[in-house]
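Colleague: Below is one structure. I have some questions about it.
Protein chains: 4
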Amino acid sequence: MKNTFGSAVSLTIFGESHGPAIGAVLDGLAAGLPVDGALIAACMDRRRARGDGLSTSRTEPDQVEFVSGVLEGRTTGTPVTLLVRNTNTRSGDYAKTAALLRPGHADYTAWVKYEGFQDARGGGHFSGRITAASVAAGAICQQVLAGLGVQVYTHIARCAGISDAPLPGGDALPAEAPPGHFALIDPSREVPMQEAIRAAGAAGDSVGGVLETVITGLPAGVGEPFFDSVESELAHLMFAIPAVKGIEFGAGFRFADLTGSTANDAFRMGADGGVVTATNRNGGVNGGITNGMPVIFRTVVKPTPSIYKEQQTVDFPAKTDAQLVIHGRHDPCIVPRAAVVQNTLAAFGLLDLITVRYGTLAQKHGLPDR
Amino acid sequence: MKNTFGSAVSLTIFGESHGPAIGAVLDGLAAGLPVDGALIAACMDRRRARGDGLSTSRTEPDQVEFVSGVLEGRTTGTPVTLLVRNTNTRSGDYAKTAALLRPGHADYTAWVKYEGFQDARGGGHFSGRITAASVAAGAICQQVLAGLGVQVYTHIARCAGISDAPLPGGDALPAEAPPGHFALIDPSREVPMQEAIRAAGAAGDSVGGVLETVITGLPAGVGEPFFDSVESELAHLMFAIPAVKGIEFGAGFRFADLTGSTANDAFRMGADGGVVTATNRNGGVNGGITNGMPVIFRTVVKPTPSIYKEQQTVDFPAKTDAQLVIHGRHDPCIVPRAAVVQNTLAAFGLLDLITVRYGTLAQKHGLPDR
Amino acid sequence: MKNTFGSAVSLTIFGESHGPAIGAVLDGLAAGLPVDGALIAACMDRRRARGDGLSTSRTEPDQVEFVSGVLEGRTTGTPVTLLVRNTNTRSGDYAKTAALLRPGHADYTAWVKYEGFQDARGGGHFSGRITAASVAAGAICQQVLAGLGVQVYTHIARCAGISDAPLPGGDALPAEAPPGHFALIDPSREVPMQEAIRAAGAAGDSVGGVLETVITGLPAGVGEPFFDSVESELAHLMFAIPAVKGIEFGAGFRFADLTGSTANDAFRMGADGGVVTATNRNGGVNGGITNGMPVIFRTVVKPTPSIYKEQQTVDFPAKTDAQLVIHGRHDPCIVPRAAVVQNTLAAFGLLDLITVRYGTLAQKHGLPDR
Amino acid sequence: MKNTFGSAVSLTIFGESHGPAIGAVLDGLAAGLPVDGALIAACMDRRRARGDGLSTSRTEPDQVEFVSGVLEGRTTGTPVTLLVRNTNTRSGDYAKTAALLRPGHADYTAWVKYEGFQDARGGGHFSGRITAASVAAGAICQQVLAGLGVQVYTHIARCAGISDAPLPGGDALPAEAPPGHFALIDPSREVPMQEAIRAAGAAGDSVGGVLETVITGLPAGVGEPFFDSVESELAHLMFAIPAVKGIEFGAGFRFADLTGSTANDAFRMGADGGVVTATNRNGGVNGGITNGMPVIFRTVVKPTPSIYKEQQTVDFPAKTDAQLVIHGRHDPCIVPRAAVVQNTLAAFGLLDLITVRYGTLAQKHGLPDR
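Chains as they are written, first to last, in this note's numbering: chain D, 39 to 408; chain A, 39 to 408; chain B, 39 to 408; chain V, 39 to 408.
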């Protein structure tokens, strides 16, 4: 199923950038779970563009409208459908360049796949705007996880050549950034990072970065050995974020140059009588299954393909070489806004895996002790 | 479905290291496709351990036995079931350390997940041996792809600190390594790589590496925008390979420090009237969909967790700290053997995506021109 | 996935009777397929209540609003999302009887399943109103099938004790009933049928019936041997229609008293050089796969459980025996309105099976000759 | 997935009648569940042919061989794979009639679907023999259900024109028939039923019948509103049994001529403080969800298509009209042997639905009180 993912909890996303709305169907939630609109709105706000030279000047309130599955602030147990209206669309910007394929974008692949019938306005179904729906749905999942003692946190590990401080060890998570600020462990990196992004934008260019997510409070035993490993499920979801081109768990690509004796995480008896690992190079996952340590992964987000510099391309379907100068409103960097997309999709993925093991009812009644 | 993956073509894998056999069910193939046993045997041979100080001394012929779905060398259209018998099992080796959790392995997570009822002999269902079944199934898929003009190639990009030569540009693939040799573009790297692996093994340690896969001959338009993107499907499958901890497409994690103008692949009209890209930093995928350029990805394979050096661990379920010295037969490096696993699973994943778009019959009758 | 069904084409339905809207997501359509709003509206009109003593006095225009996937009258290839607004809701009617379980309804099972958090207004997610969304989605599928030469027709085989004329033999289908009329082969049965329904309604009671569907123009070879047989897929879908309690294919339950020699359909060479069967007692399906003859099935629709006669029931969660008198607006018979629900869901099911075999592109470009 | 079904618990079946073995993969079971080989053997024995004029003279011991997922009599939590060897194959019988399509069989549809590459020996993948694998897998599910207090029972409601006694009311199930005997509530019907079957066989003909299944001990709240209703899931599975052409729940097709007041099941407070229904015309399911009363359904099984009487058919691919006289070994009636197939597939279906709601671990630790 092309736009639907998940086993016990499933997510379907739909919509086009310049259509009436984008939205999502989230199915498989227990009934009676609280849905806190303010928490969802806070997530939507983190994804929102601000027109401040860091993100596109297309700013929209992104209010989440529930069509089904939520009544008086609680889930009803049936599919939760939500819409986010598209209110600030200027398709004229795109008409000028409609025939010129934008490098790094899906213009060409969409044309071939949909034989010219795709909705090309504003990137259509390929627009980063579609992620707003997954943020709203994932924000609900994150609330459910919080009720089970599972916390999800994502920060900008690197952006525009500037790195954030590393994750603290242990189960303690950094504080969530205040509204309107970048998701950083070290807030002092924000101003230099923003200046580097603005400089790239001013040069008609764009920059990329790395997002890092950590999930704590997970019971051991979640996930499956092969095809439904924690890594498989999370990677599947993260590559659904436009611009993500890589993912690594724990030590990730650094494993290539480690040895077994420097890579293995020694098991030790923990303070509370449980089993822990002395290090966490495996990112909380052994054999595809959570081991009770924090799950840690990083993705790479490529630079926004929409840049104002002139580029070589092709006029299609005329099929001639051409030069492209992009107009319209674009982010010189989507990394800061993508953080909450990654965070909420990770919440969805883990809620699905937890539900497979413990059943739908456990979402509301809690995980058994075993 | 925990051990089943795929949409139009699906793969189910099963078995334990010391059970009677491991195997796979491959469903969704058209009828009448040739199944060349020699080609399958060649793939099995590449995965086979050789007892040469580079891989475990547990060597088995790994003959593939067809139980269903193949008649007189051709698919019948119904599920292809295959078994690989376990012939060389020495469970005694494992009994000695059964209560001591092996760091970096799934011993602990399996115990929690299966509440002590897992088959722990030789790693059970978590053994790398299970991948033999996916190699056999994927080798069939690779044959089907070859009939459609699609070629899949994987080499050891880096291992034990030694890198292979880079991929040649264009659609030309390096030659497949001769039987018994490492999958390398530059054969002169084999001896130093083997020496480095043997040195690690002699030190009671192990090493990791990076595998790189390239797929050529793909039509543009394969894959789906979000959850079934080419990257999502391939990443999902690659993380089903034990020890894989990261994956990146095209420029991958290098995108973090690129700019839009250095990251975008300019479109150009190709020699044959088709659209090509001047560079291929996106690894052949835009918006989750193939663009007709080679699909390129790399995975990182962590060092074999089974090492002979003494390690700290826990006696479980006794729940006391302990020291572990592993006996048994283990690879000081699984990267060379994992290459064919990655190659065949990639073949399976692409055959699935191609079948979604073109239908089951196209596997046999070819892809339409459009 | 609870509210999603289908392999190559998938349908997700959502909504509650008294929520803002009900709707559907239809995914897996090729791009460029015409979407004729007038044909959809005609299907919606057939399902619509008329407040004429035959159906509930809750009448709504049931306009279909496209949220995504359709642009300028054609599919874009991405998920088609549609909404039908709920405009005529009178929840007060239900508040009176909220604690009294309505016999034959899902009041009790919903309460247990959703632990009291279900949306109980107007039957919530269990209302027959939800089928409006599947009619709209299925109507699009029916148009796609028509473009492939496949026709779907459903009539009221029996209702309120009165039977319709039997299906004509061969590939010729009866004419579709004019707007506002019952789906009958013999229009002269309409008045007596309506009188019998009105008489039941006037007595505070309700009646059931049998719906019969025939699909012509199907190629042989569609469907799968076991779990995805044509019968399995269609039965799965038909039991998603509230009130359907049985389904039979071809001779159906009459097979119980036939012999092999009276049950088998002899194969014969047809006029056009193809293989046909002399009779069609197997309803066009052998071994789960279409044989090229018309696919024929019948469902039984139980009498509307909402009746005005006093009934014994339980006050829940007070858990005491009680008497119930239902108010509100209800159909004395849903069979006539259910005909188009069955017809459009059957169209969806067959489009899915056809797409599995021939691929997404075949929806637009036609089925190959083989 | 064509030969795989199920959500939380999944079943994959494979094999051909004259291949080396048929088998199944059952995934999604908790670890540590007892697997009683004697109970499985008893189910296999009920499906076994006896060569007694009632069933085919192809008699095989049908021993179940576990390949994975079972260790020392308990599940390991990983996929359970089982094989049943084909030991008594006489393909020569079939060669004589290979080109003549057998009416009522899948010969023609298989040829078209698989373009002549199907394994036609003994019906290949379409043989009723494949059901032996689902019996073994379902027998395990039945044991798991029994541990949860859920009982499944199937009897021959009608066969060869002779009806069994009706089901007793309430939760008490009839006793299972002794080995070698028909599944009948009233054992006195066995001899006349057998005589009628033998008479049909002696006349070169065959007979059909009706199977009725009842499941008791189910908690209320299992199943989903629309596409995953209890009826949808069970119907999907039952139509995977070759020769089943209809299914009805509770009053089934009799609903067509009932009224709401004679069809509704009144709710009443039960002796133990729970809610019950005074009658059970809805077969234990309201709105697709169990209501705690016994789930009851009936299927119709068509007469065995293989008869010895001469039949009209077509020589294919020669494409000429022809006469067919079938040799080989065939059952004059498969209804008695199909009873255990239906029973065990029903057990599988319910275990899947229960697991969706309560999670995998509940299979072993029991259902919570709520």
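A virtual CB, placed ideally from N, CA and C, is assigned to each residue, including glycine.
Taking all protein chains shown into account, do 16 or more other C-beta atoms lie within 10 angstroms of the C-beta of D:Gln401, making it buried, or fewer, making it exposed?
Modeller: Numbered from its first residue, the first sequence carries residue 401 of chain D at position 363. Label assigned to D:Gln401: buried.
Colleague: When you compare each of D:Gly207, D:Asp209, D:Gly208 and D:Glu228 to D:Pro216 by their alpha carbons, which one comes out closest?
Modeller: Here residue 216 of chain D refers to the residue found at position 178 when the first sequence is read from its first residue. Among D:Gly207, D:Asp209, D:Gly208 and D:Glu228, the Cα nearest to that of D:Pro216 is on D:Glu228.
Colleague: When we look at the beta-carbon of A:Lys40 and count the other beta-carbons within 10 Å, is it buried (16 or more) or exposed?
Modeller: Counted from its first residue, the second sequence places residue 40 of chain A at position 2. Label assigned to A:Lys40: buried.
Colleague: Quick check: is the beta carbon of A:Gln380 nearer than 8 Å to any beta carbon in chain D?
Modeller: Along the second sequence, read from residue 1 onward, the residue named residue 380 of chain A stands at position 342. Chain D contact via Cβ: absent.
Colleague: Could you name each continuous beta strand (DSSP E) segment of 3 residues or more that falls completely within the segment 152-231 of chain B, going from the start of the chain to the end?
Modeller: The segment 152-231 of chain B contains these whole beta strand (DSSP E) runs: 189-197.
Colleague: Please confirm if V:Ile372 has its CB atom under 8 Å from at least one CB of chain B.
Modeller: If you number the fourth sequence from 1, residue 372 of chain V lands on position 334. No, V:Ile372 does not count as interfacial toward chain B.
Colleague: Go through its chain and collect everything with a Cβ distance to V:Ile78's Cβ below 6 Å, but skip five positions before and after it.
Modeller: Here residue 78 of chain V corresponds to residue number 40 of the fourth sequence, with the count starting at 1. Once the five neighbours on either side are set aside, the close Cβ partners of V:Ile78 are Val102, Ala174 and Ala177.
Colleague: Can you give me the C-alpha to C-alpha distance between B:Asn381 and D:Arg367, rounded to a whole angstrom?
Modeller: Translated into positions along the third sequence, residue 381 of chain B becomes position 343. Translated into positions along the first sequence, residue 367 of chain D becomes position 329. Between B:Asn381 and D:Arg367, the C-alpha separation is close to 46 Å.
Colleague: What residues in its chain sit with their C-beta under 6 Å from that of V:Thr337, if we drop five residues either side in the sequence?
Modeller: The residue labelled residue 337 of chain V in the question sits at position 299 within the fourth sequence. Once the five neighbours on either side are set aside, the close Cβ partners of V:Thr337 are Leu249, Met276, Val282 and Ile285.
Colleague: Just verifying my parser: in three-state terms, what is the DSSP assignment at D:Asp390?
Modeller: Walking along the first sequence from the start, residue 390 of chain D turns up at place 352. Helix at D:Asp390.
Colleague: In chain V, which residues lie with their C-beta within 9 Å of the C-beta of A:Val260?
Modeller: If you number the second sequence from 1, residue 260 of chain A lands on position 222. Neighbours of A:Val260 on chain V: none; closest Cβ ~20 Å, over 9 Å.
Colleague: DSSP three-state call for A:Thr147: helix, strand or coil?
Modeller: Walking along the second sequence from the start, residue 147 of chain A turns up at place 109. Helix at A:Thr147.
Colleague: Secondary structure at B:Asp353, three-state DSSP: helix, strand or coil?
Modeller: As a first step, residue 353 of chain B must be located in the third sequence, where it is residue number 315. It is a strand residue.
Colleague: Can you have a look at V:Gln232 and say buried or exposed, based on whether 16 or more other CB atoms are within 10 angstroms of its CB?
Modeller: One-based indexing of the fourth sequence puts residue 232 of chain V at position 194. Result: buried.
Colleague: Does the separation of the CB atoms of V:Leu389 and V:Val47 fall below 8 Å?
Modeller: Against the fourth sequence, residue 389 of chain V aligns to sequence position 351. Against the fourth sequence, residue 47 of chain V aligns to sequence position 9. Their beta carbons are under 8 Å apart, which means V:Leu389 touches V:Val47 by this criterion.
Colleague: For the beta strand (DSSP E) containing B:Thr38, name the first residue and the last one.
Modeller: Lying outside 39 to 408, the shown extent of chain B, residue 38 of chain B is not represented and no answer is given.
Colleague: Which residue comes first and which comes last in the alpha helix (DSSP H) that contains B:Val268?
Modeller: Against the third sequence, residue 268 of chain B aligns to sequence position 230. From DSSP, the alpha helix (DSSP H) with B:Val268 extends over Val268 to Met276.
Colleague: Could you list which residues in chain B have their beta carbon closer than 7 Å to that of D:Ala69, in chain order?
Modeller: Position 31 of the first sequence holds residue 69 of chain D. Within 7 Å Cβ-Cβ: Tyr152, Glu153, Phe155 and Gln156.
Colleague: If I follow the unbroken beta strand (DSSP E) through B:Gly75, where does it start and stop?
Modeller: Numbered from its first residue, the third sequence carries residue 75 of chain B at position 37. No beta strand (DSSP E) contains B:Gly75, which is instead part of the alpha helix (DSSP H) from Gly75 to Arg85.
Colleague: Under 8 Å by Cβ, that's how I've got V:Pro370 and V:Gly161 pegged, so tell me the actual separation to the nearest angstrom.
Modeller: Taking the first residue of the fourth sequence as position 1, residue 370 of chain V is located at position 332. Taking the first residue of the fourth sequence as position 1, residue 161 of chain V is located at position 123. Between V:Gly161 and V:Pro370 the Cβ distance is about 16 Å, and since that is not below 8 Å, they are no contact.
Colleague: Assign D:Ala59 to one of three DSSP states: helix, strand, or coil.
Modeller: As a position in the first sequence, residue 59 of chain D is number 21, starting the count at 1. Strand, per DSSP.
Colleague: Could you confirm whether any beta carbon from chain A is found closer than 8 Å to the beta carbon of V:Lys3?
Modeller: Since the first residue of chain V shown is 39 and the last is 408, residue 3 of chain V is not available in this structure.
Colleague: Kindly list, in the order they appear in chain A, the residues whose Cβ is closer than 9 Å to that of D:Ile345.
Modeller: Against the first sequence, residue 345 of chain D aligns to sequence position 307. The answer, in chain order, is Thr297, Gly298, Ser299 and Asn302.
Colleague: Starting from B:Pro263, find everything on chain A with Cβ-Cβ shorter than 7 Å and list it in chain order.
Modeller: On the third sequence, position 225 is the one that residue 263 of chain B refers to. Thr116, listed in chain order.
Colleague: Sorted by chain position, which residues of the same chain lie with C-beta nearer than 7 Å to V:Arg167's C-beta, five sequence neighbours on each side aside?
Modeller: Stepping through the fourth sequence from its first residue, residue 167 of chain V is reached at position 129. Only Ser55 and Ile60 meet the Cβ criterion.
Colleague: Between the segment 390-406 of chain B and chain A, which residues of the former have a C-beta closer than 8 Å to a C-beta of the latter?
Modeller: Listed by position, the residues of the segment 390-406 of chain B near chain A (Cβ gap below 8 Å) are Thr393, Val394, Arg395, Tyr396, Gly397, Thr398, Leu399, Ala400, His403 and Pro406.
Colleague: Check whether the Cβ atoms of D:Arg375 and D:Arg140 sit closer than 8 Å, and answer yes or no.
Modeller: Stepping through the first sequence from its first residue, residue 375 of chain D is reached at position 337. Stepping through the first sequence from its first residue, residue 140 of chain D is reached at position 102. No, Cβ-Cβ distance for D:Arg375 and D:Arg140 is not below 8 Å.
Colleague: Distance check for V:Ile279 and V:Thr169, CA to CA, integer angstroms please.
Modeller: Counted from its first residue, the fourth sequence places residue 169 of chain V at position 131. Counted from its first residue, the fourth sequence places residue 279 of chain V at position 241. Looking at the two C-alpha atoms, the distance is approximately 7 Å.
Colleague: Hey, could you find the ends of the alpha helix (DSSP H) V:Gln401 is sitting in?
Modeller: Here residue 401 of chain V refers to the residue found at position 363 of the fourth sequence. Where V:Gln401 is concerned, the enclosing alpha helix (DSSP H) stretches over Ala400 to His403.
Colleague: Listed from N- to C-terminal order along the chain, which residues in the segment 39-68 of chain V have their beta-carbon within a distance smaller than 9 Å of any beta-carbon of chain D?
Modeller: So the list reads Ser45, Ala46 and Gly66, given in the order they occur along the chain.
Colleague: By how many angstroms is the C-alpha of A:Ala171 removed from the C-alpha of A:Ala384?
Modeller: Reading the second sequence from its first residue, position 346 is the one you call residue 384 of chain A. Reading the second sequence from its first residue, position 133 is the one you call residue 171 of chain A. One C-alpha to the other measures close to 14 Å.
Colleague: Going by C-alpha to C-alpha distance, which of B:Pro343, B:Asp90, B:Phe164 and B:Met82 sits closest to B:Asp100?
Modeller: Position 62 of the third sequence, counted from the start, is the residue given in the question as residue 100 of chain B. When only C-alpha atoms are compared, the closest one is B:Met82.
Colleague: State the CB to CB distance for the pair V:Thr113 and V:Ala69, rounded to an integer number of angstroms; the pair is presumed to be in contact (CB under 8 Å).
Modeller: Translated into the one-based positions of the fourth sequence, residue 113 of chain V becomes position 75. Translated into the one-based positions of the fourth sequence, residue 69 of chain V becomes position 31. About 6 Å; that satisfies the 8 Å criterion.
Colleague: Check each residue of the segment 185-215 of chain D: if its Cβ is closer than 7 Å to any Cβ of chain A, include it; give the result in chain order.
Modeller: Flagged, chain order: Arg196 and Gly199.
Colleague: Three-state secondary structure (DSSP) at V:Ile285?
Modeller: Position 247 of the fourth sequence holds residue 285 of chain V. Looking at V:Ile285 - three-state DSSP - the assignment turns out to be strand.
Colleague: Between A:Thr358 and D:Ala258, is the Cβ-Cβ spacing less than 8 Å?
Modeller: Working through the second sequence from its first residue, we reach residue 358 of chain A at position 320. Working through the first sequence from its first residue, we reach residue 258 of chain D at position 220. Not a contact, by the Cβ cut-off of 8 Å.
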